[in-house]
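Peer 1: Residue 0 is where the sequence shown starts when you use numbering that gives the first Met the number 0, and the numbers rise one by one after that.
Backbone N, C-alpha and C fix where the C-beta goes; we use that ideal spot for every residue, glycine too.
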Amino acid sequence: MTSLLSLWPGVRHQVFLVCSHCTCLGLPEPHVFLGEVLDRPRPAAVSGLPCPNADDEEVVDVALVYPPTEALEGVLLEGDLRTAMMEVAQQLGRDDWRRVGRVLKLAEADLEEIQHDFQTLREIKFQMLLSWKRKAGEDATLRSLMEVLADEDVGRKDIADYLAYKYCCK
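#1: Is the beta carbon of Leu120 closer than 9 Å to that of Trp96?
#2: Smallest Cα separation from Leu148: which of Gln114, Ala83, Gln118?
#3: Please tell me whether Phe32 and Val64 are closer than 9 Å, where the distance is taken between their beta carbons.
#4: Look at the alpha carbon of Ala135 and the alpha carbon of Pro67, and state the distance between them as a whole number of angstroms.
#5: Throw me the rounded Cβ distance for the Lys132 and Ala88 pair, which I believe falls under 8 Å.
#6: Report the three-state DSSP secondary structure of Leu171 (helix, strand or coil).
#7: From which residue to which residue does the alpha helix (DSSP H) around Val17 run?
#8: Along the beta strand (DSSP E) that carries His60, what are the first and last residues, could you check?
#9: What residue from Ala108, Val36, Glu112 has the CA that sits closest to Val14's CA?
#10: Gly25 by DSSP, collapsed to three states: which one?
#11: May I ask you to list the residues that DSSP assigns as paired with Pro49?
#12: Rounded to whole angstroms, what's the CA-CA distance from Val99 to Val153? Just pull it up for me.
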């Protein structure tokens, strides 16, 4: 569905997860959880979530709402990838950004345009990463960015290791 929606960038959409408790009871208006739960790990030490349609003591098993932790390994929220890109832009050296752009398969003309259009070096580096993210679409992941940073042509394994530590991507 995400790839289909990417073809229509102006289309607003909202993802919901229908409550399993309500579904089992066959309620005509089941409770819905916001789809954001599908991108988040299960809360620690929580075994059940309240359903507004349930009695006080009834809860929905947390495993029926949140995905298993292993399913989220290496997955970041959109805002987290953007934050990671900002951190990479800050840590890349003056001579690193073009090498990174080339390994990310950005055209030389794109790199020239970015350098011409933006004033500060940090903004140039960030815009280069944004350009990669736009062109790569769903393939623009933290893991792929870390692989590029660790590539011997780039030589910034230190930044890749920092991202792996901070965002728990092993």
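Peer 2: Let me spell this out:
#1: For Trp96 and Leu120, yes; Cβs fall inside 9 Å.
#2: Ala83
#3: yes
#4: 27 Å
#5: Contact doesn't hold; Cβ gap of about 12 Å is too wide.
#6: As shown, the chain starts at 0 and ends at 169. That puts residue 171 outside it, with no answer to give.
#7: Segment 15-17 is the beta strand (DSSP E) holding Val17; no alpha helix (DSSP H) there.
#8: Looking at the sequence shown, residue 60 is not His but Asp. Membership of Asp60 in the beta strand (DSSP E) is indicated by the continuous run 58-60.
#9: Val36
#10: coil
#11: For Pro49, the pairing in a beta bridge is given by DSSP as Val58.
#12: 6 Å
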